[in-house]
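Quick note, the sequences are listed as chains A and B, same order. The first sequence maps to residues 1 to 461 in UniProt numbering. The second sequence maps to residues 1 to 194 in UniProt numbering. Ideal Cβ placement from N, Cα and C applies to all residues, glycine included. As the structure is a computational prediction, the values presented were derived from the model and not from experiment. Notes follow the structure.
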Amino acid sequence: MSQAAGKDHAALAEKFNKDEERVNWHDRTLWWIRQKRDKAAWSLGEEWEPLREEASKIKAHTLSNLSEYLTEFEKNAQANGITVHWAADAKEHNQIVNSILTEHKIQQIVKSKSMLTEECHLNEYLKHQGIDVIDTDLGERIVQLADETPSHIVLPCIHWKKEEIGELFHRHLGSPEGVIDPAFLTNTARVHLREKFLTRRIAITGVNFAIAETGEFVVCTNEGNADMGAHLADVHIACMGIEKLIPKRKHLGVFLRLLARSATGQPITTYSSHFKKPKEGKQLHIILVDNGRSTQLGREDFRNSLKCIRCGACFNTCPVYRRSGGHSYHNAIAGPIGSILAPNLDMRQNKDLPFASTLCGSCSNVCPVKINIHEQLYQWRQVLTEEGHQPAAKTVAMRAMATTLSNPGLFKVAGKAGRWAMKLMPFMVSNQFNPWFKEREMPEPPKESFTEWYQKNRKKK
Amino acid sequence: MSSRNAILAAVKRNQPAALPLPEKEYTSARKGDIEKFSATLEGIGGKAYMLKEGEDVLAVISTIFPEARRVVSVDESMEIHYLKEHLTIVHHSLQDVDVAIINAQFGVAENGAIWVTEDDLKIRVLPFICEHLVAILDVNTIVPTMHEAYNRIGSAEYGFGVFIAGPSKTADIEQSLVLGAHGPKSMTVLIKSL
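Structure representation (structure tokens):
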């Protein structure tokens with residue numbers, strides 16, 4: 001949804017930052033999940049780092065042979081009785097889904113979590129076609145009822161408080177007013193969604209991993225919603241980005257050990273479901289979506305972002321994400337990895353995102369497939385600046401800085417003027433027009449420059 | 001050009017020179033640790049129950065679920081619970097199943113998961129739609145990690161296969177763990193040691 005269209009990360013983060021207590025709560029919750037991730041990783045002791053290394057290499061190998069693996073997957077999936085579709089972009093993906101629904105005269109469907117369908121804005125598209133889509137992941141259902149999008153790829157409603165969810169369920173699902181007990185509210189959703197599972201004839205799911213060797217794919221959930229939807233429907237449509245491929249079934253051993261531990265600190269998700277063939281008398285479709293991925297594959301500096309297995313660990317550890325909230329990224333995939341993927345989709349619209357980082361590198365340290373996330377964010381800044389996508393104020397400031405730094409005389413004068421201004425007229429720099437001043441105290445100006453100090457002190461000796 | 005060919009051409013054009021596949025073999029025949037399996041399963045909200053010698057599985061189940069009205073299994077040896085019509089039954093009609101009993105092929109010590117395929121389940125939705133899930137596991141089948149798990153699966157044929165690790169759960173509301181999101185509210189693994 002375009003709730004954030006035209007806004008940039010800083011402006012949206014500022015909005016989120018108005019409620020300081022909520023920001024602190026958001027920050028603490030995500031840090032707690034980050035700590036659970038650490039414990040889970042450490043529980044594997046010396047196995048963990050080699051496992052990350054191996055996962056990273058398997059993905060690098062796969063990306064370097066992606067066209068061959070895609071062809072192999074297609075052949076094996078078709079032999080399994082799966083119908084394989086190809087979509088060049090979001091629009092074609094949505095049209096394929098719609099054509100399957102039209103063919104079966106279906107207007108109501110259930111969908112389990114798929115960030116790809118978020119990326120393609122499938123819900124919005126289908127709504128315009130008169131299709132009723134019910135998101136069945138609890139967190140996704142909550143944001144859907146609130147007419148929002150997920151703010152986190154693993155924890156869609158991490159920004160919602162139970163009081164607000166209680167109120168939302170009271171309005172939409174008829175739960176008693178004022179009830180905020182998570183167990184009660186979850187059961188309310190269970191009853192509400194069970195009726196949908198039992199009556200919908202088409203189910204959409206995402207895909208966590210697709211195996212070239214066997215033509216099967218794996219979907220991981222804790223709630224069991226993907227399975228409830230897919231097994232009770234006549235038609236199962238699975239949507240996946242082409243980067244979700246891995247060569248062999250045995251490689252799942254590597255990735256399933258990493259995924260849930262990195263995401264939530266669990267040893268594995270409750271369900272890791274392997275779909276290989278449609279069940280008798282039913283249909284199984286898979287849509288392979290490019291939507292910019294082949295372009296990113298050709299960008300040498302950003303290619304590694306396609307290794308991402310969508311665990312969300314980089315979100316939970318990011319000091320910017322934790323304090324700015326997922327919606328400030330105005331992209332289906334928020335956080336550090338989203339900030340690398342988004343400019344590939346639309347450089348102009350997402351030019352601000354690589355700047356929404358302190359480049360501290362914590363994201364790269366927790367990434368289970370060892371993506372050099374903070375380095376890529378830095379590299380995007382270079383690309384965006386070269387292509388003229390820098391914010392105007394920053395461009396002027398940087399140019400002034402460059403002139404000053406390359407001219408010793410000017411540097412001396414500017415330094416003196418700056419110290420003088422900060423001392424006598426602090427309001428000249430400490431004001432709302434200086435973004436650096438936001439949430440910070442200006443430092444005490446030094447009495448003299450280093451050059452002045454050096455000349456005075458060194459000459460004495 | 002179809003989208004298929006256009007995508008494949010673009011990928012081929014943009015993919016880097018071939019990089020090697022790390023060919024690490026996980027052929028260890030290590031046995032999984034039953035203590036580790038049980039502790040991990042309990043840690044993720046499941047229950048592990050060691051069957052004693054000569055103990056009757058059905059009696060144990062009825063002790064654990066005294067109020068269960070509909071208990072089903074697709075295994076004939078489960079006697080009164082055997083779902084004779086499993087090949088023809090409308091799967092949606094299983095929505096009032098209190099307890100489903102399934103046979104696990106093996107367990108994984110590092111994460112408390114069990115592996116089952118469509119051959120064991122007959123009805124894919126069975127372990128998801130029931131209120132409570134009971135899995136029967138032979139202690140000798142427990143493997144230590146997921147690597148050994150996939151070694152064991154090898155190139156087995158199945159239409160559907162699933163690792164199940166504990167009851168259905170969610171923590172989407174303020175990270176409070178709730179068991180029984182859409183699927184079973186409990187999962188009990190009955191471990192046979194003989």
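CB contact flag (residue i, residue j, <8 Å)
i	j	result
P16(B)	H61(A)	no
A226(A)	S112(A)	yes
T83(A)	H285(A)	yes
N304(A)	C120(A)	no
H170(A)	E177(A)	yes
G112(B)	G46(B)	yes
S64(A)	V369(A)	no
F37(B)	A135(B)	no
L58(B)	E79(B)	yes
L306(A)	L8(B)	no
I33(A)	V254(A)	no
P182(A)	E174(B)	yes
V218(A)	S175(A)	no
S362(A)	I371(A)	no
S324(A)	H9(A)	yes
E302(A)	I242(A)	Here residue 302(A) turns out to be Phe, not Glu, going by the sequence shown. No; because the gap between Cβ atoms is not below 8 Å, this pair is not in contact.
Residue environment, residue i, which counts as buried when at least 16 other CB atoms sit within 10 Å
i	result
P426(A)	exposed
S155(B)	exposed
Y454(A)	exposed
residue 212(B)	Missing from the structure shown is residue 212(B); chain B here goes from 1 to 194 and no further.
Q144(A)	buried
G224(A)	buried
P66(B)	exposed
A11(A)	exposed
N76(A)	buried
L270(A)	Correcting the residue identity first, residue 270(A) is Thr in this sequence and not Leu. That one is buried.
F450(A)	exposed
L87(B)	exposed
Chain-ordered chain A contacts of residue i [CB-CB under 8 Å]
i	result
N14(B)	S294, T295, L297 and G298
Q95(B)	R194 and L198
Bridge-paired residues (DSSP) for residue i
i	result
K169(B)	L179(B)
K282(A)	Bridge partners of K282(A): none, in fact.
W115(B)	F106(B) and F163(B)
G241(A)	V289(A)
residue 485(A)	Nothing about residue 485(A) can be read from this structure; chain A reaches only from 1 to 461.
T221(A)	Y271(A)
V143(B)	V108(B)
F128(B)	F128(B) is not bridged to any residue.
K192(B)	D138(B)
Cα-Cα separation, residue i to residue j
i	j	result
K12(B)	N208(A)	23 Å
A146(A)	A171(B)	18 Å
N457(A)	P343(A)	51 Å
A400(A)	G409(A)	14 Å
F16(A)	W25(A)	12 Å
H152(A)	G335(A)	8 Å
I164(B)	E300(A)	39 Å
V23(A)	L116(A)	28 Å
P445(A)	I309(A)	48 Å
L83(B)	S77(B)	11 Å
Q3(A)	L137(B)	Only weak support is given to the placement of Q3(A): the predicted model assigns it a pLDDT of 47, under 50, and the value that follows is read from those uncertain coordinates. So the two alpha carbons sit approximately 50 Å from each other.
G81(A)	P278(A)	7 Å
I123(B)	V90(B)	10 Å
G139(A)	R30(B)	39 Å
R257(A)	N151(B)	15 Å
N222(A)	D19(A)	31 Å
K192(B)	V139(B)	6 Å
Partners in chain A for residue i, counting only beta-carbon separations shorter than 9 Å
i	result
S73(B)	Here the premise fails: no neighbours, minimum Cβ distance about 18 Å.
Contact set between residue i and chain B, taken where Cβ atoms lie within less than 7 Å
i	result
G253(A)	Y26, M146, H147, A149 and Y150
I268(A)	N111, A113, F163 and A165
C157(A)	D172
F217(A)	The contacting residues do not exist; F217(A) stays about 11 Å from chain B at best.
Check: residue i C-beta below 7 Å from any heavy atom of the ligand COA
i	result
W42(A)	You won't find the ligand COA in this model; it holds no ligand whatsoever.
Partners in chain B for residue i, counting only beta-carbon separations shorter than 9 Å
i	result
W86(A)	S2, S3, R4, N5, A6, I7 and L8
L122(A)	Going along chain B, no residue has its Cβ under 9 Å from L122(A), so there is no contact; the nearest lies around 17 Å.
K162(A)	I173, E174 and S176
Partner residues on chain A for residue i, Cβ-Cβ distance less than 7 Å
i	result
R124(B)	H231 and K279
F128(B)	G224, D227, M228 and H231
T40(B)	P267
Interface residues of chain B facing residue i [CB-CB closer than 8 Å]
i	result
Y329(A)	Neighbours of Y329(A) on chain B: none; closest Cβ ~20 Å, over 8 Å.
A60(A)	L19
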